[in-house]
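Protein chains in written order, with our numbering: chain A, 1150 to 1405; chain B, 1334 to 1612.
In structure tokens, the structure reads:
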């Protein structure tokens, strides 16, 4: 047990969250190991986004523990959790409306070196941050949008910028909330390739997604959430055959 | 040479520029302060006390006043964390009035009768501070800290969730803004060589905000344009005699109707600086 705990990058132990009598999460236990891509699926209102909000400190868990690399982060403020290594994107994209793509790639980077550096013009005071932003810009193919203001960007580009911003925080674990929503097939194929590439660089990914093909082709482990509880866990082929899952989720969707 | 009258106007522009910058700095994090005349008053009284009673040199007195006002700004910043939009504006307005009524009852420095004895400062000295503060802000605007402030302005929750310490950013802005307003106050006191609590009332705070909104609330240089227009336009409109303030009001409304972000914004500024470097 303890050996396994040490291996897990992220571990949730019996986490519960209640909103005015409604149990949004009940006794959720989940773990993500290094360099794994883990999916969370479940019908609308199953508690998936709540789960992300509890992990990133946007909500406090009522019970249970969230641990990052063995250390409890349950009570930490959001910014500390990000700095410790968990970055995220949002289901309804949350960019800084008045800032350019380039500024998004600078703003979330961890500060390194002398304190004074953050008060001086970034271009020459923080060349490391500057070149990391440049790198990320190229990685996501955003060169043409460098000086575009976020609110003017197309939806698909906004998704990319959000993901790029999360990556510049140098996370160990990336949480993606419906990353392919609104993307066409080419874009989602491109994203899949990118995520695999990031995993090769040592990143672990936890993602919520409604696009079953995307999840089943990408994730190594899949958790199924329904009414705030984990009802199944396994690799994609196990999940596909699980009668509980078929009944709770896939079946319901097929019936629609 | 410029006349005493013109020098007085230019001094007013410099002082208003500092006041406007103090609002701009706080506004950059999305917080609207209608109480910066309070910080200005604190700066004016502390600097005057130090130069008149303790015979400090003015520069040292201004720096000391800035530090005290900055600390008070941080204290004001904490309750401000829990308030947003109009509620925050009302609370800061309350702070300004609190400061004003404190000095009204502060007999040690004249109370409602005001305080005098300061040495008059030169126009150059005022503008050294004003230009210095503007350049400082313009430099900071290119720093990562300023990006963090703008991120908090645009979406505070998201800023926290991408790893920014929003609490520190917002409180820091109040501290910095308070310091700049205090400098404006200290210079004001030594420009007019007389201060009274009524100098630091609500109208003064509104002037600061107006200069920022008119000149452009998303770029520091906007404060310069706003401050200049706010002081000089009513002068240029003097030929309208009794109607000049009404005409000024109409102009203000027209500008805001056509350019909600103020006269200058980032896009326009980028265009202007590009053209200059191209030619």
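No residue lacks a Cβ here, since even glycine has one placed at the ideal position from N, Cα and C.
{"query": "Neighbour list for residue 1491 of chain B in chain A, Cβ cutoff strictly below 8 Å", "result": "1239, 1243, 1244, 1245"}
{"query": "Residue 1535 of chain B versus B/1423, B/1563, B/1485, B/1408, residue with shortest Cα-Cα distance", "result": "B/1423"}
{"query": "Inter-residue spacing [alpha-carbon to alpha-carbon] between residue 1428 of chain B and residue 1405 of chain B", "result": "11 Å"}
{"query": "Beta-carbon neighbours of residue 1478 of chain B, restricted to chain A and to distances below 7 Å", "result": "1267, 1268"}
{"query": "Own chain residues within Cβ distance below 6 Å of residue 1572 of chain B, not counting five before or after", "result": "none"}
{"query": "Start-to-end residues for the beta strand (DSSP E) that takes in residue 1370 of chain B", "result": "Residue 1370 of chain B -> not in any beta strand (DSSP E); alpha helix (DSSP H) instead, spanning 1369-1381."}
{"query": "Chain A contacts from the region 1458-1470 of chain B (Cβ-Cβ distance under 7 Å)", "result": "none"}
{"query": "is_contact[residue 1152 of chain A, chain B] using C-beta, thresh 9 Å", "result": "Below a pLDDT of 50, predicted positions are generally treated as unreliable, and residue 1152 of chain A, at 46, falls in that range; the measurement from the model is reported next regardless. So, not an interface residue."}
{"query": "Residues that DSSP places opposite residue 1383 of chain A in a beta bridge", "result": "A/1371"}
{"query": "Alpha carbon of residue 1222 of chain A to alpha carbon of residue 1319 of chain A, nearest angstrom", "result": "18 Å"}
{"query": "Host alpha helix (DSSP H) of residue 1359 of chain B (start-end)", "result": "1337-1360"}
{"query": "Run of the alpha helix (DSSP H) containing residue 1540 of chain B, from where it starts to where it stops", "result": "1535-1548"}
{"query": "Chain B contacts from the region 1213-1227 of chain A (Cβ-Cβ distance under 9 Å)", "result": "1226, 1227"}
{"query": "Any C-beta of chain B under 9 Å from that of residue 1188 of chain A", "result": "no"}
{"query": "Residue 1294 of chain A versus residue 1481 of chain B: straight-line alpha-carbon distance, rounded", "result": "20 Å"}
{"query": "Listed by chain order, chain A residues near residue 1472 of chain B by CB distance under 7 Å", "result": "1270"}
{"query": "Below-9 Å beta-carbon distance, residue 1326 of chain A vs any chain B residue", "result": "no"}
{"query": "Interface residues of chain B facing residue 1205 of chain A [CB-CB closer than 8 Å]", "result": "1494"}
{"query": "Proximal residues of chain B, C-beta to C-beta of residue 1231 of chain A below 9 Å", "result": "1493, 1494, 1495, 1496, 1497"}
{"query": "Members of the region 1304-1330 of chain A that neighbour chain B once the beta carbon cut-off is set at 8 Å", "result": "1314, 1315, 1318"}
{"query": "Beta bridge counterpart(s) of residue 1179 of chain A as assigned by DSSP", "result": "A/1161"}
{"query": "Residue 1291 of chain A burial status per 10 Å Cβ neighbour count (16 or more: buried)", "result": "buried"}
{"query": "Under the three-state DSSP convention, the category residue 1171 of chain A falls into", "result": "strand"}
{"query": "Chain B contact for residue 1370 of chain A (CB, 9 Å cutoff)", "result": "no"}
{"query": "Sub-9 Å separation of residue 1190 of chain A and residue 1371 of chain A beta-carbons", "result": "yes"}
{"query": "Which residues DSSP lists as bridging residue 1230 of chain A, in chain order", "result": "According to DSSP, which records beta bridges pairwise, residue 1230 of chain A is partnered with nothing at all."}
{"query": "Closer than 9 Å to chain B by CB, residue 1164 of chain A", "result": "no"}
{"query": "Length-filtered (3 minimum) beta strand (DSSP E) runs lying within the region 1428-1474 of chain B", "result": "none"}
{"query": "Contacts that residue 1252 of chain A makes with chain B (C-beta to C-beta distance below 8 Å)", "result": "1480, 1483"}
{"query": "Residue 1264 of chain A in three-state terms, based on DSSP", "result": "helix"}
{"query": "9 Å Cβ cutoff, residue 1236 of chain A in contact with chain D", "result": "Reference to chain D is not applicable here, since the protein chains of this structure are A and B."}
{"query": "N- and C-terminal bounds of the beta strand (DSSP E) containing residue 1357 of chain A", "result": "1353-1357"}
{"query": "CB of residue 1398 of chain B within 9 Å of CB of residue 1243 of chain A, strictly", "result": "no"}
{"query": "Assigned exposure category for residue 1604 of chain B - 16 Cβ within 10 Å defines buried", "result": "exposed"}
{"query": "Residue-chain proximity (residue 1611 of chain B, chain A), Cβ-Cβ < 9 Å", "result": "Since pLDDT at residue 1611 of chain B reaches only 47, below the 50 mark, its modelled position is unreliable, and the value read off the structure follows with that caveat. No, residue 1611 of chain B lies away from the interface with chain A (no Cβ there is under 9 Å from its Cβ)."}
{"query": "Reduced DSSP secondary structure (H/G/I, E/B, other) of residue 1599 of chain B", "result": "helix"}
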